[in-house]
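I have placed the structure first, in the form of structure tokens, so that the comments after it can refer back to it.
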Amino acid sequence: MDVGHSCGASLLPFRTTCKGPVNKTIVMSLSEGTMDIIDEAITYYRANVFFRNYEIQGGADRVLVYLTLYISACLARMERCESQKEADKIMQAYAWESFPLPGQHGFPFNGFFTKANTQEEAEMFKAYFKQLREETGKRLTEVVFAQEGRPNKFWVCFSKRRFMNLSLDRA
Numbered sequence: 005m006d007v008g009h010s011c012g013a014s015l016l017p018f019r020t021t022c023k024g025p026v027n028k029t030i031v032m033s034l035s036e037g038t039m040d041i042i043d044e045a046i047t048y049y050r051a052n053v054f055f056r057n058y059e060i061q062g063g064a065d066r067v068l069v070y071l072t073l074y075i076s077a078c079l080a081r082m083e084r085c086e087s088q089k090e091a092d093k094i095m096q097a098y099a100w101e102s103f104p105l106p107g108q109h110g111f112p113f114n115g116f117f118t119k120a121n122t123q124e125e126a127e128m129f130k131a132y133f134k135q136l137r138e139e140t141g142k143r144l145t146e147v148v149f150a151q152e153g154r155p156n157k158f159w160v161c162f163s164k165r166r167f168m169n170l171s172l173d174r175a
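Each residue of the sequence shown is one higher than the one before, starting from 5 at the first, in the working numbering.
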């Protein structure tokens with residue numbers, strides 16, 4: 005499968021219902037039963053969050069590291085939600101918030117990602133990661149609120165955990 009790259013990250017296809025550069029025609033190669041990068045990040049989050057160091061072996065690892073940190077931030081915001089509907093609203097708003105790009109002040113993984121060489125590359129990175137954040141938030145609420153519409157304590161307990169002692173929220 006041919007994937008693009010931006011700022012050192014692989015622009016991997018994933019199943020989505022959100023608008024963005026990853027559209028349904030690109031994702032046709034993914035069958036319903038296969039895991040995409042978002043499924044992988046959510047599935048392995050509870051193990052990956054304990055890592056203090058992470059060896060990057062390629063562009064997909066950069067996306068996975070970013071998603072792990074993003075899931076940590078999402079869980080912290082979901083912690084006070086009483087219903088899945090409320091969490092969906094919060095995740096939608098969080099996904100659409102402005103976020104720093106590689107090379108900018110406040111981006112947590114400047115050592116892992118490269119700065120964009122052109123404005124088009126920066127715009128592609130921002131659009132892809134915005135769509136990735138939105139779809140991750142949607143799927144995460146489905147997992148966290150799977151039981152009777154209440155937050156699953158085995159997910160919410162990870163809301164205080166910091167991945168690699170980093171945070172997406174600017175200080």
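The beta-carbon is built from N, C-alpha and C at its ideal position, and this holds for glycine as well.
This structure is a prediction, so every number in the text was calculated from the model and none was measured.
* To do: In angstroms with no decimal places, state the Cα-to-Cα distance between V67 and E152.
  => 31 Å
* Thinking just about the alpha-carbon of each residue, which of A45, A64, Y49 is nearest to the one in F117? -> A64
* Asked: In three-state terms, what does DSSP make of S171?
  -> coil
* Identify whether G62 lies in helix, strand or coil by the three-state DSSP scheme. => coil
* To do: Return the residue from the list C11, Y48, T140 that minimises the CA-CA distance to T20.
  => T140
* Asked: Alpha carbon to alpha carbon, what distance is there between V53 and L170?
  -> 11 Å
* Given a cut-off of 7 Å, decide if G24 and Q135 are closer than it, judged by their beta-carbon atoms. => yes
* Asked: From A91 to R81, what does the alpha carbon distance come to, in whole angstroms?
  -> 8 Å
* **Option nearest P142 by Cα separation, candidates R166, L79, S102, M168** => Residue 142 is actually Lys in this sequence, not Pro. Checked all of R166, L79, S102, M168; the closest Cα to K142 is L79.
* Once you ignore the five residues that flank A131 on each side, which residues in its own chain have a CB closer than 6 Å to its CB? -> G24, P25
* CA nearest to the CA of A120, picked from Y49, R166, P106 -> P106
* To do: Could you spell out where the beta strand (DSSP E) holding L15 opens and where it closes?
  => 13-15
* To do: List the whole-angstrom C-beta distance separating Y74 from R137, where the pair is believed to meet the contact cut-off of C-beta under 8 Å.
  => 6 Å
* **Residue closest to T38, alpha-carbon to alpha-carbon, out of R84, F18, F162, L144** => F18
* Pick helix, strand or coil for S87, following the three-state DSSP scheme. => coil
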